[in-house]
Amino acid sequence: MFRSVFTKYISAFMLINIVSILLSVTIITTLVNIYDENNKTRTLGNIAYTVSDYIVRDYPTSGEASFSDYLNHSVHLLKPVLNAMVASVDDVVLFIADGEGAVKLVGGSERSRDYTADADYIDESGSLRYPQSIVEQLTPAGKITLNGTLDGFFEEKHRVAIQPIAAKDGRLVGSVMATTSNSDMDELLESMIRTMVMSSLWLMLAALIAVYFITERLVSPLRSMSRAVKEFENGHFDVRVPESGNDEVAELAVAFNHMASTLQHSEETRRLFLANISHDLRTPMTTISGFIDMILQGTIPKEKVPHYLEVIRSEILRLSRLVSSLLDLTKIEAGERKFNKVPMDICEMGRQIIIASEKRLEEKQLDVQFDADRDNMYVNADVDAIHQVLYNLCDNAIKFSKTGGKYILSVHETGGKVTVSVFNEGVGIAPEDLPYVFDRFYKSDKSRGLDKTGVGLGLYISRTIIEAHDEQIRVESEYGQWCRFSFTLPKAPAPRQKGGEGET
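In terms of the working numbering, the sequence shown opens at residue 131 and continues consecutively.
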């Protein structure tokens with residue numbers, strides 16, 4: 131039921147809103163109740179005290195008349211006083227009782243005249259009496275405040291304030307009880323709760339509709355991505371998700387599509403590599419097998435056997451280079467190739483590579499230039515690894531150069547770095563191929579018109595080696611005109627040389 135993000139989000143939103151409504155209703159009703167209780171208790175206490183104070187001052191000081199007799203003879207005087215006390219306060223009833231709890235006088239609101247629900251509080255003479263629990267609590271100096279039905283004295287809950295009346299000698303002679311019903315507050319609270327709940331429900335409905343559309347907008351791209359991933363599992367890497375907006379979800383969609391493009395390119399590169407590697411393995415093996423069979427069968431004249439053995443040797447070397455590149459790739463990806471960085475003369479290495487390629491340079495009649503700031507420039511690097519990189523770049527430059535074109539190997543110092551560049555005039559690299567030339571198995575010369583022996587690993591291995599030195603390698607090209615590969619290495623101080631009688 132709660133598996134989808136959409137369902138979880140909506141459920142969490144609804145739960146939070148419901149809890150918030152309940153908490154709001156509880157807190158507001160509690161605060162209103164407390165305020166009403168304190169306000170009414172204070173009002174009832176003031177009324178009860180004022181009435182009791184008036185009675186104490188009016189009660190005969192001689193104490194010869196009993197308090198009950200005093201109340202019986204003063205009804206016509208006290209009644210207007212009681213009514214005047216509660217004239218400005220709604221729904222308040224005043225009870226004046228003697229010291230035994232027998233009610234002698236009732237005044238106040240007409241709404242609460244039906245105040246008792248239990249006949250047990252009517253004595254034999256028909257007089258109303260306080261509950262015994264209240265009588266037991268009365269003391270000359272103790273004011274009582276209560277909230278309830280007073281053991282059935284009232285039909286419904288009332289707030290009650292009882293003020294004792296003491297004679298001059300300190301005796302408890304009576305009490306004044308001011309009370310009011312809670313029904314008005316219950317009605318108010320019921321109306322408040324109903325209003326709050328209804329308004330909250332309408333607001334929650336409006337918010338739910340808004341959240342529905344917002345959540346749908348957030349979740350919809352995720353669903354699209356989920357469907358796209360399932361397509362990827364089936365090998366369909368051309369699936370894309372819609373990109374709309376400029377928020378985080380839109381950024382995720384853009385990143386996802388970029389990843390899909392990368393996966394699609396990687397898959398195409400992998401397929402191309404498998405085709406290339408199959409061709410590169412099958413062709414020399416077929417050649418080797420065919421020539422060996424012909425030699426064994428005597429089909430080839432003896433005087434031509436050395437020539438065909440040389441062809442077989444060339445094909446074997448080709449296979450050896452291919453296997454060596456694959457082994458290098460395996461070691462690099464497994465992190466097993468370690469680099470021993472030492473000071474080395476990059477200029478001397480460049481000169482040696484040019485000399486080693488002299489025959490091929492002459493065959494293409496290239497205009498060779500070696501441009502360096504100094505005859506000897508030292509860098510901190512792994513000698514064998516950098517030789518592999520520089521040789522690969524120089525070999526590619528010769529391979530893709532046009533006959534009679536410029537071929538420039540330059541070494542320049544910039545700050546604490548040494549930049550090595552290999553430039554050639556030739557076919558260059560197409561703009562659409564430039565972002566991928568350093569990817570593994572990628573070959574821009576897909577027709578194999580110029581590159582008949584490569585498998586698309588040399589530049590990938592070169593980039594990996596340079597990045598392992600924490601440096602950068604880059605390519606620039608104008609298609610059909612020229613191409614330049616450059617990489618940087620950290621500058622190193624020239625090693626101290628030993629003189630005839632010691633170090634200098």
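Just so it is clear, CB atoms sit at the ideal spot from N, CA and C, and this is done for glycine as well.
Sorted by chain position, which residues of the same chain lie with C-beta nearer than 6 Å to residue i's C-beta, five sequence neighbours on each side aside?
i: Q293; result: A178, Y179, S182, K273, V306
i: S540; result: D501, S551
i: I323; result: V155
i: E633; result: Residue placement at E633 is poorly supported in this model, since its pLDDT is 43, which falls under 50; the coordinates still yield a value, given next. If we look at E633 and ignore the five residues flanking it on each side, its Cβ neighbours are R626.
i: H288; result: T309, S311
i: V359; result: none
i: K471; result: N510, A511, D512
i: V265; result: G231
i: F225; result: V233, V236, M307
i: V557; result: F530
Once you ignore the five residues that flank residue i on each side, which residues in its own chain have a CB closer than 8 Å to its CB?
i: L319; result: T159, V162, N163
i: T301; result: First, the residue type needs correcting, since residue 301 is Arg and not Thr in the sequence shown. Hits under 8 Å: G229, P270.
i: L411; result: L449, L452
i: A624; result: P473, N506, Y508
i: M326; result: I151, S154, V155, I158
i: I430; result: F421, M424, Y438
i: A296; result: V186, P270, A271, L302, V303
i: E286; result: T279, S311, N312, S313
i: L564; result: V605, S607
Would you report the Cα separation of residue i and residue j, rounded to the nearest angstrom?
i: L520; j: A560; result: 22 Å
i: V379; j: M389; result: 15 Å
i: S313; j: G175; result: 19 Å
i: G579; j: F530; result: In this prediction, G579 scores a pLDDT of 44, lower than 50, which makes its location untrustworthy; the coordinate-derived value is nonetheless stated afterwards. Whole-angstrom Cα-Cα distance: 10 Å.
i: E433; j: R490; result: 28 Å
i: A622; j: D512; result: 12 Å
i: E555; j: E562; result: 19 Å
i: F421; j: Q427; result: 10 Å
i: I339; j: Y165; result: 37 Å
i: V369; j: N376; result: 21 Å
i: L456; j: I344; result: 51 Å
i: S444; j: M415; result: 11 Å
i: S391; j: C524; result: 32 Å
i: D600; j: T460; result: 20 Å
i: K532; j: A383; result: 44 Å
i: Q394; j: M334; result: 46 Å
i: N364; j: A405; result: 21 Å
i: P620; j: E543; result: 10 Å
i: H517; j: V371; result: 45 Å
i: N147; j: Y342; result: 14 Å
i: D503; j: V548; result: 10 Å
i: C613; j: G588; result: 16 Å
i: N169; j: V219; result: 12 Å
i: E597; j: F469; result: 12 Å
i: T173; j: L268; result: 20 Å
i: E398; j: F367; result: 10 Å
i: I144; j: L212; result: Rather than Ile, the amino acid found at residue 144 in this sequence is Met. Distance between the alpha carbons of M144 and L212 is about 54 Å.
Starting from residue i, trace the beta strand (DSSP E) both ways and give me its first and last residue.
i: F225; result: 222–228
i: I603; result: 603–608
i: N554; result: 547–555
i: S374; result: Neither: S374 is in no beta strand (DSSP E) and is coded neither H nor E.
i: E543; result: 536–544
i: V236; result: 233–238
For the alpha helix (DSSP H) containing residue i, name the first residue and the last one.
i: K360; result: 313–363
i: R614; result: That residue, R614, is in no alpha helix (DSSP H); its beta strand (DSSP E) goes 612–620.
i: S592; result: 588–598
i: Y200; result: 197–203
For residue i, collect the residues of the same chain with a Cβ closer than 7 Å to its Cβ; drop the 5 residues on either side in sequence, then sort them by chain order.
i: R401; result: none
i: S198; result: D228, K234
i: I538; result: Q499, D501, F553
i: E373; result: A380, A383, V384, N387
i: D281; result: P261, S263
i: I483; result: L520, Y521, C524
Against chain D, with Cβ distances strictly below 7 Å, would residue i count as a contact?
i: T279; result: In the structure shown, chain D cannot be found, because there is only a single protein chain.
If you pair each beta-carbon of the region 349–368 with each one of the region 171–188, do three or more pairs fall below 8 Å? no
Please give me, in chain order, every unbroken run of the beta strand (DSSP E) with length at least 3 that falls completely inside the region 249–302. 274–278, 288–296
Any beta strand (DSSP E) of 3 or more consecutive residues that is wholly inside the region 467–514: 472–475, 497–502, 508–511
Would you call the region 501–513 and the region 474–481 touching, i.e. three or more CB-CB distances under 8 Å? yes
Do the region 489–507 and the region 604–612 make contact, defined as three or more Cβ pairs closer than 8 Å? no
Would you be able to state if there are at least three C-beta pairs under 8 Å between the region 321–334 and the region 196–215? no
At what residue ranges does the region 387–443 contain a whole run of the beta strand (DSSP E), taking only runs of 3 or more? none
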